[in-house]
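Novice: Counting the sequence shown from 1 gives a position; our numbering is that position plus 170.
Here a beta-carbon is modelled for each residue, glycine too, at the ideal position from N, C-alpha and C.
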Amino acid sequence: MKICSDVDGVILNYIQGFIDFTQRENIPYTHEPELYGVIRNFPDNLGMRDQFHAGDSLRQLNYFDDSLQILNMLATQHELHLVTALEPEQFRKREENLAALNYTSLQCVGDIRKEQIIVEEIQPDVMLEDRPELIEAFYSAGIRVLFPDWHPYTKGMERFGTPFSRWQEIPELLQNASKSN
Ligand SMILES: [Mg+2]
């Protein structure tokens, strides 16, 4: 099976990394968990993103619960492709953060190209994604989607994919997927 996964919000906790960054830097910030995306309401959102990405935060984002162990187990039996909307310049930091993970490929493609690369080039059997617009887009492209349900902003996405609450659930969800194909 060809598995493709997003990284931020699915495997790594980008949101917590950003919150920790604002606290370290004494940047006033309020998190709105209902909304997708974490860098907003600054006079210069892109500048804030660049400042966050310029430091070491991107090398050391935390894995969500058992994501590392489960993915390494899956990687022994399946192709595992990781595609993130981080800009290509961030590849080294992302690679370093994911050094313990045995993936088939890793791409940092930027926001604009991500959907197309996954739908047209990778063509996975299953996609793991947390961004609501992309969950719907991959569903529409005929790709089976699993999404983490611990983010308030993925509420209601059951129309387009299968929710999971813990990474431990993934192997069984994938088995069910291959049976129904
Ligand atoms: Mg994401």
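Pairs of beta-carbons, one from the stretch 182-191 and one from the stretch 277-297, closer than 8 Å: are there three or more?
Specialist: Because the criterion of three Cβ pairs below 8 Å is not met, the stretch 182-191 and the stretch 277-297 do not touch.
Novice: Would you say the beta carbon of G225 comes nearer than 7 Å to a heavy atom of ligand 1?
Specialist: Translated into the one-based positions of the sequence shown, residue 225 becomes position 55. For ligand 1, not one heavy atom lies less than 7 Å from the Cβ of G225.
Novice: With a threshold of 7 Å (Cβ to nearest heavy atom), would D236 be considered close to ligand 1?
Specialist: To locate residue 236, count along the sequence shown from 1; it is residue 66. Not so, every heavy atom of ligand 1 lies at least 7 Å from the Cβ.
Novice: DSSP three-state call for R262: helix, strand or coil?
Specialist: Here residue 262 is taken as the residue at index 92 of the sequence shown, counted from 1. Helix at R262.
Novice: Give me the residue from Q345, D236 and D300 with the minimum Cα distance to G179.
Specialist: The residue you call residue 179 lines up with position 9 of the sequence shown. That would be D300, whose Cα lies nearest to the Cα of G179.
Novice: Should the stretch 228-247 be regarded as contacting the stretch 330-350, the criterion being three or more beta carbon pairs within less than 8 Å?
Specialist: With the cut-off at 8 Å, the stretch 228-247 and the stretch 330-350 touch.
Novice: Note down the Cα distance separating N232 from S310, rounded to an integer number of angstroms.
Specialist: Sequence index remark: in the sequence shown, residue 232 carries index 62 (1-based). Sequence index remark: in the sequence shown, residue 310 carries index 140 (1-based). So the two alpha carbons sit approximately 31 Å from each other.
Novice: Evaluate K325 with the Cβ neighbour count: other Cβ atoms within 10 Å of its Cβ, from every protein chain shown; 16 or more gives buried, anything less gives exposed.
Specialist: To locate residue 325, count along the sequence shown from 1; it is residue 155. Answer is exposed; the Cβ neighbour count stays below 16.
Novice: Count the other C-beta atoms from every protein chain shown that fall within 10 angstroms of the C-beta of R262, then say buried if there are 16 or more, exposed otherwise.
Specialist: As a working note, residue 262 is residue 92 in the sequence shown. Burial call: exposed.
Novice: Excluding sequence positions up to five away, which residues of its chain have a Cβ less than 8 Å from the Cβ of S227?
Specialist: Taking the sequence shown and counting its residues from 1, one reaches residue 227 at position 57. If we look at S227 and ignore the five residues flanking it on each side, its Cβ neighbours are G187, F188, D190 and F191.
Novice: According to DSSP, simplified to helix, strand and coil, what is K172?
Specialist: Translated into the one-based positions of the sequence shown, residue 172 becomes position 2. DSSP places K172 in strand when its eight states are reduced to three.
Novice: Measure the beta-carbon distance from P322 to P213 and round it to whole angstroms, keeping in mind my assumption that it falls under 8 Å.
Specialist: By 1-based counting over the sequence shown, the position of residue 322 is 152. By 1-based counting over the sequence shown, the position of residue 213 is 43. Their Cβ separation, rounded to whole angstroms, is 26 Å, which puts P322 and P213 out of contact at 8 Å.
Novice: Put D178 into one of helix, strand or coil per three-state DSSP.
Specialist: Within the sequence shown, residue 178 is the residue found at index 8, counting from 1. Three-state result, D178: strand.
Novice: Are G331 and I305 touching if we call contact CB-CB under 8 Å?
Specialist: Position 161 of the sequence shown, counted from the start, is the residue given in the question as residue 331. Position 135 of the sequence shown, counted from the start, is the residue given in the question as residue 305. Yes, the Cβ-Cβ distance between G331 and I305 is below 8 Å.
Novice: Please report the residue range of the beta strand (DSSP E) in which F191 lies.
Specialist: Working through the sequence shown from its first residue, we reach residue 191 at position 21. Premise fails: F191 lies in the alpha helix (DSSP H), Y184 to R194, not in any beta strand (DSSP E).
Novice: Any chance you could list the residues with Cβ under 6 Å from a heavy atom of ligand 1, keeping chain order?
Specialist: Taken from the N-terminal end onward, the list reads D176, D178, G179, V180, D300 and R301.
Novice: What are the start and end residues of each continuous beta strand (DSSP E) run of 3 or more residues lying completely inside the stretch 246-317, in chain order?
Specialist: Runs found: 249-254, 275-278 and 296-298.
Novice: Helix, strand or coil: which one does DSSP assign to F330?
Specialist: Residue numbering aside, residue 330 sits at position 160 when the sequence shown is read from its first letter. Coil at F330, not helix or strand.
Novice: Which residue comes first and which comes last in the alpha helix (DSSP H) that contains H223?
Specialist: Here residue 223 corresponds to residue number 53 of the sequence shown, with the count starting at 1. First-last of the alpha helix (DSSP H) with H223: N215 to A224.
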